[in-house]
Amino acid sequence: SPHGAPRCPMALTPPAQRRALLATAQHSILTGLHLPERPRAPRPPPRAALLSALRRVQPQLNRGVAPPRPPNTAGQNYEVLSFAEAGPSTPRSSRLLFRFSQELRENSEVLQAQLHVFWPPPGPGSSQPVAVRLLHGDAASNGTALSEAMLEVRGEGWNALDVSDALRSVLSRGTERLTVELNASRPPLPTYGWDDRRPFVAVRARIGTPPSRRRR
Amino acid sequence: GIDCSGSTRTCCRKEFFVDFKEIGWEDWIIQPEGYHMNYCAGLCPPHVAAVPGVAASFHTAVLNLIKANNADAAADSCCVPTQRRPLSLLYYDRDSNIVKTDIPDMIVDACGCT
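Here the protein sequences come in this chain order: X and U. Under the working numbering, the first residue of the first sequence carries the number 1, and numbering increases by one thereafter. Under the working numbering, the first residue of the second sequence carries the number 1, and numbering increases by one thereafter.
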């Protein structure tokens with residue numbers, strides 16, 4: 001402000017004020033999201049897949065209850081849903097590719113990550129174990145697994161597997177890509193398309209405390 | 001805090017809504033449809049300026065006396081947000097993942113004089 005004028009800001013003409021407020025709003029949102037610019041041309045998953053995933057991770061939506069209002073806390077938490085892209089597959093083995101954001105790797109600490117896979121009805125009265133290998137990046141076919149687990153599939157429905165350590169390991173190695181390999185004991189494996197049964201990883205993360213900074 | 005009306009000249013909260021369609025952001029922000037940013041505007045005369053949220057007391061009386069006798073201190077009083085709340089966003093990131101987060105202190109709920 002000019003010399004001698006009051007020191008409080010905001011003395012613009014209405015149109016300039018509106019432009020300034022819109023620019024401030026955009027800047028505040030991008031800064032709050034730790035984004036250098038707005039994401040361009042997103043490729044949204046199908047609505048059915050999105051609704052199915054949201055109902056799976058927020059069961060209160062099924063009851064028509066609004067999610068609780070966020071508490072006014074100092075920290076900032078993120079919840080991320082990453083949908084699988086189909087990778088190479090055989091009747092016995094199927095690969096799912098996940099790509100997470102650079103911001104998740106650089107600015108965040110992963111609190112929890114869960115893989116959700118829908119399984120079609122097995123044979124009558126039977127269950128089957130499915131071997132799950134978690135691989136680094138767009139892994140080659142003989143890539144070393146970050147971890148391996150068994151998923152006991154009983155009947156039709158969603159199954160969840162904790163992949164927190166594998167995702168932390170992937171992000172700490174400087175990449176945002178995770179490959180999940182499913183190996184069925186009784187083929188064929190289900191095929192996943194662009195429907196409401198598309199596999200996804202649900203991540204809870206916290207901004208501002210990446211592991212390296214915490215150690216220091 | 002008070003909301004601004006046509007006749008209000010003292011410090012108040014002005015409502016300001018940013019429609020995401022207006023700025024071309026509706027393609028990546030899923031929810032909500034806009035941002036109730038709001039802001040503070042108006043004058044803070046010396047008798048209004050106080051520590052926001054502190055009820056009338058011996059201390060506020062002393063502060064008002066100091067301000068009344070000190071023009072410089074009164075000139076420094078600004079109309080600022082005294083209460084804010086987070087903005088919840090559901091959006092697509094650049095890899096088309098769906099992200100939900102609450103950005104703290106984004107919505108101005110009340111204004112007051114410093």
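The beta-carbon is built from N, C-alpha and C at its ideal position, and this holds for glycine as well. As the structure is a prediction and not an experimental result, all values here were calculated from the model.
U:C44 vs U:C111 beta-carbon contact at 7 angstroms
The residue labelled residue 44 of chain U in the question sits at position 44 within the second sequence. The residue labelled residue 111 of chain U in the question sits at position 111 within the second sequence. No, these two residues do not count as a Cβ contact at 7 angstroms.
Near X:E148, which residues of its chain fall below 8 angstroms by C-beta distance, leaving aside the five closest residues on each side in sequence?
As a working note, residue 148 of chain X is residue 148 in the first sequence. Closer than 8 angstroms at Cβ, skipping near neighbours: A131, V132, R133 and L134.
Listing by chain order, which chain U residues have their CB less than 7 angstroms from the CB of X:P39?
Looking up residue 39 of chain X in the first sequence gives position 39. Going along chain U in sequence order, the residues near X:P39 (Cβ under 7 angstroms) are W28, Y92, D93 and R94.
DSSP three-state label for X:H34, please.
The residue you call residue 34 of chain X lines up with position 34 of the first sequence. The answer is coil: DSSP assigns X:H34 none of H, G, I, E or B.
Chain X partners of U:I103, CB-CB under 9 angstroms?
Residue mapping note: residue 103 of chain U aligns to position 103 of the second sequence, counting from 1. Residues of chain X passing the Cβ test: S28, I29, T31, G32, L33 and Q76.
In whole angstroms, what separates the C-alpha of U:S96 from that of U:V18?
Here residue 96 of chain U refers to the residue found at position 96 when the second sequence is read from its first residue. Here residue 18 of chain U refers to the residue found at position 18 when the second sequence is read from its first residue. Looking at the two C-alpha atoms, the distance is approximately 23 angstroms.
Contact list for X:A166 against chain U, beta-carbon separation under 7 angstroms:
Within the first sequence, numbered from 1, the residue matching residue 166 of chain X stands at position 166. Here the premise fails: no neighbours, minimum Cβ distance about 17 angstroms.
Contacting residues, own chain, Cβ-Cβ under 7 angstroms from X:T173 (five flanking each side not counted):
For the purposes of this step, residue 173 of chain X is taken as residue 173 along the first sequence, with counting starting at 1. Here residue 173 of chain X turns out to be Arg, not Thr, going by the sequence shown. Cβ within range, chain order: H136.
Could you check where the beta strand (DSSP E) with X:E152 kicks off and where it finishes?
Here the question's residue 152 of chain X lines up with position 152 in the first sequence. A145 to R154 is the extent of the beta strand (DSSP E) around X:E152.
Continuous alpha helix (DSSP H) stretch holding X:A53: start and end
Here the question's residue 53 of chain X lines up with position 53 in the first sequence. X:A53 -> alpha helix (DSSP H) spans R47 to V57.
Please identify the residue among U:N38, U:T101, U:L90 and U:D105 whose C-alpha is closest to the C-alpha of X:P44.
Within the first sequence, residue 44 of chain X is the residue found at index 44, counting from 1. Nearest of U:N38, U:T101, U:L90 and U:D105 to X:P44, Cα basis: U:L90.
By DSSP, does U:D102 sit in helix, in strand, or in coil?
The residue given as residue 102 of chain U occupies position 102 in the second sequence. Of the three classes helix, strand and coil, the one that applies to U:D102 here is strand, per DSSP.
With a Cβ-Cβ cutoff of 7 angstroms, do U:C113 and U:S77 count as a contact?
Position 113 of the second sequence holds residue 113 of chain U. Position 77 of the second sequence holds residue 77 of chain U. Yes. Within cutoff.
Residues of the stretch 83-117 of chain X with a CB closer than 9 angstroms to any CB of chain U: list them in chain order, please.
F83, F98, R99, F100, S101, Q102, E103 and L104
What is the residue span of the beta strand (DSSP E) that X:V170 lies within?
Within the first sequence, the letter at position 170 stands for residue 170 of chain X. Element bounds for X:V170: not the beta strand (DSSP E) but the alpha helix (DSSP H), S164 to S172.
Taking the alpha-carbon positions, what's the U:A74 to U:G6 distance?
Position 74 of the second sequence holds residue 74 of chain U. Position 6 of the second sequence holds residue 6 of chain U. Because U:A74 sits at a pLDDT of 47, beneath the cut-off of 50, its placement in the model cannot be relied upon, and the point is left open.
Determine the burial state of X:Q76: buried for a count of at least 16 other Cβ atoms within 10 Å of its Cβ, exposed for fewer.
Translated into positions along the first sequence, residue 76 of chain X becomes position 76. X:Q76 should be labelled buried.
Cut-off 7 angstroms between Cβ atoms - residues of its own chain near X:A84, not counting five sequence neighbours on either side:
Within the first sequence, the letter at position 84 stands for residue 84 of chain X. Here the set comprises L96, L97, F98, Y192, R198, P199 and F200.
When the Cα atoms are used, what is the spatial distance from X:Y78 to U:P46?
Counting from 1 along the first sequence, the entry for residue 78 of chain X is found at position 78. Counting from 1 along the second sequence, the entry for residue 46 of chain U is found at position 46. In a straight line, the C-alpha of X:Y78 is about 43 angstroms away from that of U:P46.
Give a yes or no on contact between the stretch 14-25 of chain X and the stretch 79-87 of chain U, applying the rule of three or more CB pairs nearer than 8 angstroms.
no
Look at X:R40 and X:V110 and say whether their C-beta atoms are less than 7 angstroms apart.
Here the question's residue 40 of chain X lines up with position 40 in the first sequence. Here the question's residue 110 of chain X lines up with position 110 in the first sequence. Cβ atoms of X:R40 and X:V110: not closer than 7 angstroms.
Using DSSP with H/G/I as helix, E/B as strand and the rest coil, what is X:R95?
Taking the first sequence and counting its residues from 1, one reaches residue 95 of chain X at position 95. Strand at X:R95.
Exposed unless 16 or more other CB atoms sit within 10 angstroms - verdict on U:T101
Taking the first residue of the second sequence as position 1, residue 101 of chain U is located at position 101. Result: buried.
Relative to the C-alpha of X:L182, which residue among X:L171, X:V117 and X:D162 is closest?
What you label residue 182 of chain X is simply residue 182 of the first sequence in a count that begins at 1. If we check each option's Cα against that of X:L182, X:V117 comes out closest.
Only counting the same chain, and skipping five residues up and downstream in sequence, which positions put a Cβ closer than 7 angstroms to that of X:A102?
Start at 1 with the first residue of the first sequence, and residue 102 of chain X comes out as number 102. Correcting the residue type first, residue 102 of chain X is Gln in the shown sequence and not Ala. Same-chain partners within the cutoff: E176.
Would X:L51 be called buried (16 or more neighbouring beta carbons within 10 Å of its own) or exposed?
Indexing the first sequence from 1 puts residue 51 of chain X at position 51. Exposed, because fewer than 16 other Cβ atoms sit within 10 Å of the Cβ of X:L51.
Can you list the residues of chain X that U:V18 reaches, using a CB-CB cut of under 9 angstroms?
To locate residue 18 of chain U, count along the second sequence from 1; it is residue 18. Those within 9 angstroms of U:V18 in chain X are L21, L22, A25, Q26 and I29.
Own chain, CB closer than 8 angstroms to X:P36, minus 5 neighbours either side, in chain order:
Position 36 of the first sequence, counted from the start, is the residue given in the question as residue 36 of chain X. Around X:P36: L30.
Can you name the residues of chain X whose CB is closer than 7 angstroms to the CB of U:I2?
Translated into the one-based positions of the second sequence, residue 2 of chain U becomes position 2. Per Cβ cutoff of 7 angstroms: no residues; U:I2 is ~17 angstroms from chain X at best.
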